[in-house]
Each structure stands twice: as C-alpha cells, then as structure tokens.
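Scroll down for the structure; my scribbles are underneath it.
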Amino acid sequence: MTAISTQGLEKRYRGSIHALRGVDLQVERGEIFGLIGPNGAGKSTLVKVLLTIVRRTAGSASLLGQPVGHRPTLAKVGFLPEHHRMPRYLTGRQAVLYYARLLGMTKRERERRADEMIDIVGMGHAAHRKMGTYSKGMQQRIGLAQAFVNDPELVVLDEPTDGVDPVGRVEIREVLLQMRERGAAIFLNSHLLSELESVCDRVAIMLEGTVRRQGTPAELAGNPKWRLTYQGPPVESHSSNDFTFEGDDQEAQRQLDLARQQGRVIMHFAPEAMTLEELFMAEVRDQQDDQP
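Sequential numbering from 1112 applies to the sequence shown in this note's numbering.
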C-alpha cells in the first residue's frame, strides 16, 4: 500500500500566491523519502495539506490508502514540525507521555513506548529533566521520540536534525533506518542535503510549488562522470592527462582503451557520481534558465 499519494495537488492563497502547482508524488511503505527545495518552494505547504492543517485548492491526496483528513488514519501518523514547542515545565518523559495520551494510547502502552523511544533517541539519561533545561538538539531528540511513540505507519519529519551535533545526526540516522526496518514510511524535509543523501531511498526536488524530479539519487544522476588520469601527454580528444567526462560504461571503456592504445600508464580511473547537492543546484540553474 502506498503511504502518500498526491495527484494534481494545488494550493492557492489569497493574494494570488500559488504555493502548490499540480504536485504528483508517491511515497511507498518501508522507504525513506526526502523532499528538498529552497525556501518558498512549497515543501511546508505540502506537509500542511497532507496533515489537514490547511485545505487544498484542487487535486487529490491520500495517506495510507485513505483520503487526507480520515481521522483513524491520522492516528497512525507521526509528525515532528520544524518549530515544535513543548511545555518547558514538563520533563522530557512527561512530554512524550502527554502526546501519547493525546493519541489515545493506554497507560501501560504509552509508558512502555515512551521509555523505549526515549532510549532509542539517546535521551534516557536526561528523561527526568525539564524541557526548559534542554539544548536545541536535546529538544529535537525528544521531538523525535514523540513522533515515533505510537509506532506509526507513516512519519513526517520537518528538519529532524536541526540543531543536532554531528554525533547526534548519526544516531538519528540510525533511528530512521531502524523505523524503516519496522515497515514505517518516513517522509522528511531537510536543508542538509548530505544527510538526505546518506539515508533516503528516494528524493524529490521541489521548485516554485512543482515537483521537478523524483527518484533514487542514482536515477536522478543519470550517466555518471568519470575521471581518468594517466602519465604522459594527453592523447587525441583529451583536454589533459587528468580530465573528467560524462558517459555510460561503454563510453568509459572507449576512453580508457584510447589512452592505453597510445601507451599511457593509467594512474586513476573511476566514476564520480554527482552528489545530491550538485543535482539540486543543477535543477535550480535549469529552472532559472527556463524563466523568461
């Protein structure tokens, strides 16, 4: 079953602001899906429409096979907003228990799940401290614990590693992978493209309310770039003896054979896949070139 599906999703605000322009998106169960785009691209609006925080103008959307807004389905969804606020006078454990109670979990179940998730996100040592004493990274970890406390089938995370140190990011990445292994679909936004690249099965690039491209990082990259380095002067058609070119496996082999036939000693030959950041910036440049 598909976790998230949208067809022709539109959202217009007053004042002629067209936030979403025919968004077609599909997120499968058991995958981590990343949404990237600059500020104002429509990422947060899409999340708000999916969670019924705002109403769509046109098109359709579903969560876990049900139309958005279906109450029993929303109880199976975990959510961590970018700017979450929890009562400062509650301890971390009390905050997670509070959200578990809102979800209708039994006392025994919410206590078991709260303690389990607090340990998983690495906050067991500080669970009984008040939220007001936490650093931003610690608050973010508790936010993750509450997002997963109901063992959701779908989790929506907005900037989940915001304010978290490098060690904490690795730990959060492990949490996400663990939740995926349990079968949950994870939909996340992040401006840290390297983080998305290391954890996401598929990504979508959104610009000006439109999903420009979506797929695995390898699919989006297309033919890889290759770097060939050899000793001696450059052979014909090579700009230097250390150069980069694009092409499939056959083209790579052709360039390698050309250097060998000319008696060059190969020092280095390997593909250089485009990073997610390079893919994103290339799409931004293409979008700017398309504008009149």
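Where is the CB? At the ideal position from N, CA and C, for every residue including glycine.
Between which residues of its own chain and Leu1201 is the CB-CB distance below 8 Å, once the five residues before and five after are set aside? Answer for Leu1201: Tyr1209, Lys1241 and Met1242, listed in chain order.
Coarse secondary structure for Arg1199, derived from DSSP in three states: DSSP, reduced to helix, strand and coil, places Arg1199 outside both helices and strands of the structure shown, so it counts as coil.
Measure the alpha-carbon distance for Lys1187 versus Gln1366 and round it to whole angstroms. The straight-line gap from Cα to Cα measures roughly 53 Å.
Consult DSSP for His1236 and reduce its assignment to one of helix, strand or coil. Three-state DSSP puts His1236 in a helix.
Tell me the residue span of the alpha helix (DSSP H) that contains Ile1231. Taken as a continuous stretch (DSSP letters only), the alpha helix (DSSP H) holding Ile1231 covers Lys1218 to Ile1231.
Using 8 Å as the cut-off, can you tell me whether the segment 1342–1349 makes contact with the segment 1175–1183, which would need three or more C-beta pairs spanning the two stretches below that distance? Touching, no, given that fewer than three Cβ pairs across the two stretches are closer than 8 Å.
Evaluate contact between the segment 1142–1154 and the segment 1316–1327, counting only Cβ atoms and requiring at least three cross-stretch pairs below 8 Å. Per the Cβ contact rule, the segment 1142–1154 is in contact with the segment 1316–1327 (3 or more Cβ pairs under 8 Å).
Could you have a look at Ser1348 and say whether DSSP puts it in helix, strand or coil? Secondary structure at Ser1348: coil, using DSSP grouped into helix, strand and coil.
If you drop the 5 nearest sequence neighbours on each side, which residues of the same chain put their C-beta closer than 7 Å to that of Val1207? The residues are Ala1225, Met1228, Ile1229, Ile1253, Ala1256, Gln1257 and Val1260.
Separation of Gly1145 from Met1378, as counted between CA atoms: If you take the alpha carbons of Met1378 and Gly1145, they lie about 37 Å apart.
Buried or exposed: where does Pro1409 fall if 16 or more other Cβ atoms within 10 Å of its Cβ makes it buried? There is no way to answer for residue 1409, as the model of the chain reaches only from 1112 to 1403.
Using 10 angstroms around the beta-carbon of Thr1372, count the other beta-carbons present and answer buried if the total reaches 16, otherwise exposed. A small correction: the amino acid at residue 1372 is Gln; Thr does not occupy that position in the sequence shown. The residue is exposed, with fewer than 16 neighbouring Cβ atoms inside 10 Å.
Enumerate in chain order the residues of its own chain whose CB-to-CB distance from Leu1304 is below 8 Å, with the five nearest sequence positions on each side excluded. Cβ within range, chain order: Ile1147, Thr1386, Leu1387, Glu1388 and Phe1391.
Hey, out of Ile1164, Glu1270 and Cys1311, whose CA is closest to Gln1289's CA? When only C-alpha atoms are compared, the closest one is Cys1311.
Provide the residue span of the alpha helix (DSSP H) that contains Lys1154, from first to last. For Lys1154, the enclosing alpha helix (DSSP H) starts and ends at Lys1154 to Leu1161.
Just curious, the beta strand (DSSP E) that Ala1172 is in, first and last residue? Start and end: Ala1169 to Leu1174.
Assuming Ile1283 and Ile1143 are in contact, meaning their beta carbons sit under 8 Å apart, how far apart are those beta carbons, in whole angstroms? Not really, about 12 Å apart at Cβ, beyond 8 Å.
Span separating the alpha-carbon of Ile1231 from that of Arg1293: Ile1231 and Arg1293 have their alpha carbons spaced roughly 14 Å apart.
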